[in-house]
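Peer 1:
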Amino acid sequence: MDPVLASAGTTLVGLMVTEAWGQTRDGVVALWRRVRPADADGVGRDLDEARAELVQAREGGADEETEQELVGEWQRRLLRVLRDDPAAAEELRRVLEAAQGAQPAETPTGGVQLQARAAGSSRIYQAGRDMRVEGS
1 MDPVLASAGT TLVGLMVTEA WGQTRDGVVA LWRRVRPADA DGVGRDLDEA
51 RAELVQAREG GADEETEQEL VGEWQRRLLR VLRDDPAAAE ELRRVLEAAQ
101 GAQPAETPTG GVQLQARAAG SSRIYQAGRD MRVEGS
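In the UniProt record's numbering, the protein residues as written are 1 to 136.
1) Flag L78 as yes if its beta-carbon sits less than 8 Å from any beta-carbon of chain B, otherwise no.
2) To the nearest angstrom, report how far apart M16 and E65 are at their CA atoms.
3) First and last residue of the alpha helix (DSSP H) that includes T10?
4) Just the C-alpha distance for S121 and M131, rounded to the nearest angstrom, thanks.
5) With DSSP as the reference, label Q23 as helix, strand or coil.
6) Would you mind giving the Cβ-Cβ distance between T24 and V71, rounded to the nearest angstrom? I have them listed as a contact below 8 Å.
7) Which residue from V55, Q113, R34, G27 puts its Cα closest to that of T18?
8) Leaving out the 5 sequence neighbours to the left and right, which residues in its chain are closer than 7 Å to A116 when beta-carbon positions are compared?
9) Let me make sure I understand the geometry here. Which of G14, A20, R45 has the alpha-carbon closest to that of V29?
10) If you check the beta carbons only, do W32 and A40 fall under 8 Å apart?
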């Protein structure tokens, strides 16, 4: 299977928390409207709910489990649509690649997960990006 399509669920969920989400959502709904017209409005609502769930999970610090559940759910849904209409694969690829290309260069598509353990009088400094530590 094509790598873009094999990771479509991961890509879709990753794009839910980016500036390219509106474009991505509209493209996925348009795909559904063409392949399964009766389900298109429901898919739009489901995408909105999934995004809200992911944002809430990230704010609460429990994003990894939620993200993996959403990835699995959307990967299955996308693959079912592609089974119904294999020609839709190219359309899905265009939607996802266009959304990824529309991202600002410094906007990460994934999250940062940091873990550390300290003992005694140890100090731990962690950052998802730039850090400046002064003094002692």
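Heads up, the beta-carbon is just placed ideally off N, CA and C, and yes, glycines get one too.
Peer 2: For this structure:
1) Of the protein chains in this structure there is only one, and it is not chain B.
2) Counted from its first residue, the sequence shown places residue 16 at position 16. Counted from its first residue, the sequence shown places residue 65 at position 65. M16 and E65: Cα-Cα distance of roughly 15 Å.
3) Reading the sequence shown from its first residue, position 10 is the one you call residue 10. Boundaries of the alpha helix (DSSP H) around T10: 8–15.
4) Position 121 of the sequence shown, counting from 1, holds the residue named residue 121. Position 131 of the sequence shown, counting from 1, holds the residue named residue 131. Cα-Cα distance, rounded: 21 Å.
5) To locate residue 23, count along the sequence shown from 1; it is residue 23. It is helical.
6) As a position in the sequence shown, residue 24 is number 24, starting the count at 1. As a position in the sequence shown, residue 71 is number 71, starting the count at 1. Between T24 and V71, the beta carbon gap of about 14 Å keeps them out of contact (Cβ cut-off 8 Å).
7) Counting from one through the sequence shown, the residue named residue 18 turns up at place 18. Of the candidates V55, Q113, R34, G27, the one whose C-alpha sits nearest the C-alpha of T18 is V55.
8) For the purposes of this step, residue 116 is taken as the residue at position 116 of the sequence shown. Around A116, the same chain offers I124, Q126 as residues with beta carbons nearer than 7 Å, after the five sequence neighbours per side are excluded.
9) Counting from one through the sequence shown, the residue named residue 29 turns up at place 29. Checked all of G14, A20, R45; the closest Cα to V29 is R45.
10) Your numbering for residue 32 matches position 32 in the sequence shown. Your numbering for residue 40 matches position 40 in the sequence shown. Using a Cβ distance threshold of 8 Å, W32 and A40 count as a contacting pair.
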